[in-house]
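Asker: So the sequence shown is numbered by this note's numbering: it starts at 55 and just counts up by one.
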Amino acid sequence: MKIARNVKELRHEITTWKQEGKRISFVPTMGALHEGHLSLVGIAREKADIAVASVFVNPSQFGPNEDFSRYPRQEEKDAALLGKAGASLLFLPSVPEIYPSGFRTVISVKELTEVLCGKFRPGHFDGVATVVARLLMLTMPDSAIFGEKDFQQLMVIRRMAEDLALPVEIIGAPIIREPDGLALSSRNAYLSAEERRIAPAIYGALTQAAEEIKNGASTESACRKAQEKLLAAGFSKIDYLEARNEADLSPASSPPCRLFAAAWLGKTRLIDNVRIA
Ligand code: AMP
55 MKIARNVKEL RHEITTWKQE GKRISFVPTM GALHEGHLSL VGIAREKADI AVASVFVNPS
115 QFGPNEDFSR YPRQEEKDAA LLGKAGASLL FLPSVPEIYP SGFRTVISVK ELTEVLCGKF
175 RPGHFDGVAT VVARLLMLTM PDSAIFGEKD FQQLMVIRRM AEDLALPVEI IGAPIIREPD
235 GLALSSRNAY LSAEERRIAP AIYGALTQAA EEIKNGASTE SACRKAQEKL LAAGFSKIDY
295 LEARNEADLS PASSPPCRLF AAAWLGKTRL IDNVRIA
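1) Going by the beta-carbon positions, is the gap between residue 256 and residue 238 smaller than 8 Å?
2) Quick one: any contact between the region 218-231 and the region 310-318, if contact means 3 or more CB pairs under 8 Å?
3) Cβ atoms of residue 81 and residue 102: under 8 Å apart, would you say?
4) Under the assumption that residue 198 contacts residue 79 (Cβ atoms under 8 Å), give the Cβ distance between them as a whole number of angstroms.
5) Is the closest heavy atom of the ligand AMP to the C-beta of residue 152 under 7 Å?
6) Taking the alpha carbon of residue 127 as the point to measure from, which residue in 244, 216, 94 has its own alpha carbon closest?
7) Any heavy atom of the ligand AMP within a distance shorter than 7 Å of the CB on residue 200?
8) Could you give the first and the last residue of the continuous alpha helix (DSSP H) run that contains residue 180?
9) May I ask you to list the residues that DSSP assigns as paired with residue 311?
10) Distance, Cα to Cα, residue 129 vs residue 59?
11) Whole angstroms are fine: how far does the CA of residue 193 sit from the CA of residue 132?
12) Could you give the first and the last residue of the continuous alpha helix (DSSP H) run that contains residue 172?
13) Are the CB atoms of residue 86 and residue 240 nearer to each other than 8 Å?
14) How many Å lie between residue 171 and residue 266 at the Cα?
15) Examine the ligand AMP and report whether any of its heavy atoms sits within less than 7 Å of the Cβ of residue 98.
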């Protein structure tokens, strides 16, 4: 696997592959890679001749009191994992390579970013949309893969790509979980042993609420019960646990829809979602 640390090296590799008529699929990440990320690389390899991954901890998507400086970084291990997963190129840029001095553009997707995580992390999705747009323009892939773990992010990026007529297919990928149901996340590394024991309750509460809604309970009462269960299990705070329609993230009162949760275990904020058919 090749490693490009700057735009010039990236462009050189991409141009060569494009001239050879190769199809490229792109997997952007913030590193501290796990099987969830690697599953996206697997999908990229199925979709295209060349899988390109990036590892970039994007400062503009972190709020002033969030975990940018302590976000886990493990460059060498990530490169080894990506190589083993079959990526052909890793783009590993520095912050000034992505945001050169003079950078002034912000991409802001309206409405979809005003609910769920957008309400609790002001500016977060502007940071995401802006960096993903720039990474897509630099990499010029035929497709790009994003996990449903961050379902709202996937919707925001789909909208942005469509609105800006970016010539790329945005592909959603299923959530990879631990055997006990906890969705894999780089932030799981923050959890103490006791918090890690409690963490799967978020998936348990969502799946149980989904079952109740399928059996006729109202989304409101099922979500309220699930919130109470999470607090009883030891979660310290719940940002939201609610049912939304997949297409526009508007509030949902019946299936098909998706249940979304963000909840705190001590200093760690976990998110998850499940679909109700
Ligand atoms: P991140 O490094 O957290 O920015 O995530 C990079 C990509 O991996 C995003 O598209 C995420 O949605 C995806 N991802 C993260 N965790 C998982 C998971 N457990 N299953 C599937 N995709 C995931």
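Yeah, the Cβ is synthetic: ideal placement off N, Cα and C, and Gly gets one too.
Answerer: Reading off the structure:
1) No. Outside cutoff.
2) no
3) Cβ atoms of residue 102 and residue 81: not closer than 8 Å.
4) 7 Å
5) no
6) 244
7) yes
8) 178-193
9) 330
10) Approximately 12 Å, taken between the alpha carbons.
11) 19 Å
12) 171-174
13) yes
14) 24 Å
15) no
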